[in-house]
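All residue numbers in the sequence shown are consecutive under the UniProt record's numbering, ending with 431.
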Amino acid sequence: MRSIAVCLCTLFSIYYAHAQTKPISGTVTDEKNAPIPNVSVVVKGASSGTTTNDDGKYTINAKTGDVLEFSSIGYQSASLTIDASGAGNIVLNPDVSGLTDVVVIGYGTQRKKDLTGSVAVVDMNELKSQPSSSPVEALQGKATGVQIINDGSPGSTPQIRIRGFSTINNNDPLFVIDGMPYTGKLSWLNAEDIENMQVLKDASASSIYGSRANNGVVIITTKKGRKGPPKINLDIYYGTQRPNKNTFPEYMTPMQYAQNLYAAFRNSGQTPGQEGTTGPNYGTDPNNPTLPEYLIAGSKNGQNITAADADPSKYRYTQNSSTFYQITKANQAGTNWFNEITNPAPMQSYQLTVLGGGENSTYSLSGGYFNQEGTIKYTGFKRYTIRANTSFKTLGDRLKLGKICNTRIYVDMDLQLTQMLPEATREKAPQ
Numbered sequence: 001m002r003s004i005a006v007c008l009c010t011l012f013s014i015y016y017a018h019a020q021t022k023p024i025s026g027t028v029t030d031e032k033n034a035p036i037p038n039v040s041v042v043v044k045g046a047s048s049g050t051t052t053n054d055d056g057k058y059t060i061n062a063k064t065g066d067v068l069e070f071s072s073i074g075y076q077s078a079s080l081t082i083d084a085s086g087a088g089n090i091v092l093n094p095d096v097s098g099l100t101d102v103v104v105i106g107y108g109t110q111r112k113k114d115l116t117g118s119v120a121v122v123d124m125n126e127l128k129s130q131p132s133s134s135p136v137e138a139l140q141g142k143a144t145g146v147q148i149i150n151d152g153s154p155g156s157t158p159q160i161r162i163r164g165f166s167t168i169n170n171n172d173p174l175f176v177i178d179g180m181p182y183t184g185k186l187s188w189l190n191a192e193d194i195e196n197m198q199v200l201k202d203a204s205a206s207s208i209y210g211s212r213a214n215n216g217v218v219i220i221t222t223k224k225g226r227k228g229p230p231k232i233n234l235d236i237y238y239g240t241q242r243p244n245k246n247t248f249p250e251y252m253t254p255m256q257y258a259q260n261l262y263a264a265f266r267n268s269g270q271t272p273g274q275e276g277t278t279g280p281n282y283g284t285d286p287n288n289p290t291l292p293e294y295l296i297a298g299s300k301n302g303q304n305i306t307a308a309d310a311d312p313s314k315y316r317y318t319q320n321s322s323t324f325y326q327i328t329k330a331n332q333a334g335t336n337w338f339n340e341i342t343n344p345a346p347m348q349s350y351q352l353t354v355l356g357g358g359e360n361s362t363y364s365l366s367g368g369y370f371n372q373e374g375t376i377k378y379t380g381f382k383r384y385t386i387r388a389n390t391s392f393k394t395l396g397d398r399l400k401l402g403k404i405c406n407t408r409i410y411v412d413m414d415l416q417l418t419q420m421l422p423e424a425t426r427e428k429a430p431q
C-alpha cells in the first residue's frame, strides 16, 4: 500500500508539473546565428503573445506541451513544442518566395522585396480563427511591434498602439477602409468581411496620409465579388467565457471579520466587546464575538435591538425623517459578491456570405449576427450587420462603377442598478 501511495503521489506531481504555467525564455536567430528582433511569438490556440527584443530574446508564459508559433516578415514561420526542460531557442529560415507577395501601401501596391518602409501583413486565417467582437482585438499577437490594450468589456474596441505613446492626446492610428480614411471604433466591422489587413508602422506613411499617419496606419480591404458562379459561405461559432475565480481574493465571512477585529483590538491593548471598541454589533463578551440578528431597527443598532424593535409593522421607508423607521436584518452567512455579480457568458456569431459575378459585374453580399454576453451580469453586446459590395463595368471597360453599402445595428447592454433592484422591492417591508 505504501508503494502504491508513493506511485500515486509521483504521478500527481508529474501531472501537476505538466499542467503548470511557467515563464519560457529563449532566443530567435537566423541561419547565421544572428538575433532577429521584433519576431511575433504566440501560444497556439491562445490569445497570449509577445515579441523579441533587439537581441532576439523573448519571455512568454506557457505550459509543457504548448506549441509556440514564431513569425516575422522575410522569414518562414516556425513552431516549437515546449518540453520539460523549458528551452525556447529556435532558428528561422529566410522566406525568399514570400518576398513576391503583393502588399497594399497607401494608394497602390508593391512586392514585399521592394518595400522600403516597415509593413506588417496580417494573416487573415489566424485573425478569423480567434473569436472576438472587433478585428482590432483579434489583431493581438498577430502583427509584430503592434500593441493591443483591451479592457475585456463586451463589444469594446481595444486601443492599438503602433508607434507607442507619442502625444498626451490621441495616440490611435489612422484606419483606411477600402481607400477611405476612418476614425472611430471598429466594433461595427466583422472580421469575416475583411479580405486583407496591413499595418504601416514607420514614418514613411506620413508621406502618403500626412500628419494623420503620425501614429501609424491600418489599411483594411474588405471582400469584393469575383467572376464566377455564386459562392456561399456560412461561418458559425459558439463559445463560453468564464471569469477566472481562482485569481480573485477570497473574502472573510462576517464571523471571521469579527474574530479578526477582536484580535486587532486585543493586540493594540484594548478590550473588545465595549462601546468604545467594537460597539454594539458583537456583544459584550471580550473573547467571543456574537453576530447580531438585526443591524438597524429604528434608532437602535446591533445587539441592542429587541424583538419589539424589529416588529415589521413599524417599518416605514419614507422621505419624512419623523416617520422614517428602517429595519435591516443582518446577513450572518455573508455574501460572495464575486459569484453574485459574475456568471459564465456565452458568445455566438453567425455570418452568411455570397460572392459571385459575371463578365461586367461582381457582387459580395453578407449578413451577420454577433452576440457576446459579459461575465459581469447585465452587460453584453449585440451586433447585426448587412453589407453589399457591387461593381459594374461599361463602355467597353472604360467606366467602372462601384457601390459599398454597410448597415449595422449594435446594442451595448450596460450595468444598471434598476435592473438589479426593481422599483417594486424598494418600498417592500422586510418579512
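All residues carry an ideal CB built from backbone N, CA and C; glycine is no exception.
Under the rule that 16 or more other beta-carbon atoms within 10 Å means buried, what is residue i, buried or exposed?
{"i": "residue 401", "result": "exposed"}
{"i": "residue 357", "result": "buried"}
{"i": "residue 142", "result": "buried"}
{"i": "residue 351", "result": "buried"}
{"i": "residue 271", "result": "exposed"}
{"i": "residue 81", "result": "exposed"}
{"i": "residue 198", "result": "buried"}
{"i": "residue 347", "result": "buried"}
{"i": "residue 135", "result": "buried"}
{"i": "residue 387", "result": "buried"}
{"i": "residue 411", "result": "exposed"}
Using the C-alpha atoms, what's the distance from residue j back to residue i?
{"i": "residue 155", "j": "residue 62", "result": "28 Å"}
{"i": "residue 51", "j": "residue 278", "result": "54 Å"}
{"i": "residue 371", "j": "residue 226", "result": "30 Å"}
{"i": "residue 73", "j": "residue 122", "result": "10 Å"}
{"i": "residue 460", "j": "residue 341", "result": "Since the first residue shown for the chain is 1 and the last is 431, residue 460 is missing from the structure and cannot be characterised."}
{"i": "residue 476", "j": "residue 133", "result": "Past the edges of the chain, shown from 1 to 431, lies residue 476, and the structure says nothing about it."}
{"i": "residue 363", "j": "residue 175", "result": "24 Å"}
{"i": "residue 23", "j": "residue 182", "result": "39 Å"}
{"i": "residue 404", "j": "residue 230", "result": "19 Å"}
{"i": "residue 433", "j": "residue 224", "result": "Since the first and last residues shown for the chain are 1 and 431, residue 433 lies out of range."}
{"i": "residue 210", "j": "residue 190", "result": "28 Å"}
{"i": "residue 88", "j": "residue 44", "result": "14 Å"}
{"i": "residue 32", "j": "residue 149", "result": "35 Å"}
{"i": "residue 275", "j": "residue 319", "result": "30 Å"}
{"i": "residue 49", "j": "residue 41", "result": "6 Å"}
{"i": "residue 113", "j": "residue 86", "result": "Interpretation of residue 113 is limited by its pLDDT of 41, a score under 50 that renders its predicted location unreliable; the figure taken from the coordinates is listed afterwards. Approximately 35 Å, taken between the alpha carbons."}
{"i": "residue 289", "j": "residue 161", "result": "54 Å"}
{"i": "residue 221", "j": "residue 236", "result": "22 Å"}
{"i": "residue 193", "j": "residue 353", "result": "8 Å"}
{"i": "residue 30", "j": "residue 337", "result": "52 Å"}
{"i": "residue 167", "j": "residue 200", "result": "19 Å"}
{"i": "residue 264", "j": "residue 334", "result": "21 Å"}
{"i": "residue 212", "j": "residue 173", "result": "8 Å"}
{"i": "residue 94", "j": "residue 75", "result": "4 Å"}
{"i": "residue 130", "j": "residue 232", "result": "22 Å"}
{"i": "residue 179", "j": "residue 219", "result": "8 Å"}
{"i": "residue 177", "j": "residue 217", "result": "11 Å"}
{"i": "residue 37", "j": "residue 58", "result": "9 Å"}
{"i": "residue 60", "j": "residue 46", "result": "12 Å"}
{"i": "residue 20", "j": "residue 300", "result": "53 Å"}
{"i": "residue 248", "j": "residue 339", "result": "10 Å"}
I'd like the span of the beta strand (DSSP E) that includes residue i, first residue to last.
{"i": "residue 437", "result": "A question about residue 437 goes unanswered here, because the residues of the chain that appear run from 1 up to 431."}
{"i": "residue 262", "result": "Not the beta strand (DSSP E): residue 262 falls in the alpha helix (DSSP H), residues 254-267."}
{"i": "residue 126", "result": "Premise fails: residue 126 lies in the alpha helix (DSSP H), 124-128, not in any beta strand (DSSP E)."}
{"i": "residue 159", "result": "159-161"}
{"i": "residue 26", "result": "22-29"}
{"i": "residue 217", "result": "217-222"}
{"i": "residue 70", "result": "67-72"}
{"i": "residue 62", "result": "57-62"}
{"i": "residue 196", "result": "194-200"}
{"i": "residue 131", "result": "No beta strand (DSSP E) holds residue 131; DSSP gives it neither H nor E."}
{"i": "residue 49", "result": "49-51"}
{"i": "residue 39", "result": "It is not in any beta strand (DSSP E) - residue 39 carries neither H nor E in the DSSP assignment."}
{"i": "residue 181", "result": "180-182"}
By DSSP's criteria, residue i is part of a beta bridge. Which residues make up the other side?
{"i": "residue 477", "result": "Summary: the structure shown does not reach residue 477, with the chain confined to residues 1 through 431, and so no result is reported for it."}
{"i": "residue 399", "result": "394"}
{"i": "residue 300", "result": "297"}
{"i": "residue 236", "result": "350"}
{"i": "residue 147", "result": "161"}
{"i": "residue 212", "result": "None, per the DSSP bridge assignment."}
{"i": "residue 316", "result": "325"}
Starting from residue i, trace the alpha helix (DSSP H) in both directions and tell me its first and last residue.
{"i": "residue 338", "result": "337-341"}
{"i": "residue 170", "result": "Residue 170 -> no alpha helix (DSSP H), and no H or E assigned at all."}
{"i": "residue 137", "result": "135-138"}
Is residue i close to chain D? Criterion is C-beta to C-beta, closer than 8 Å.
{"i": "residue 84", "result": "This model lacks chain D altogether, as it is built from one protein chain only."}
Assuming the contact rule is C-beta atoms closer than 8 Å, residue i and residue j should be a hit. Round their C-beta distance to whole Å, please.
{"i": "residue 90", "j": "residue 145", "result": "Contact doesn't hold; Cβ gap of about 19 Å is too wide."}
{"i": "residue 273", "j": "residue 286", "result": "4 Å"}
{"i": "residue 360", "j": "residue 393", "result": "5 Å"}
{"i": "residue 312", "j": "residue 303", "result": "So it is not a contact: roughly 20 Å between Cβ atoms."}
{"i": "residue 294", "j": "residue 310", "result": "5 Å"}
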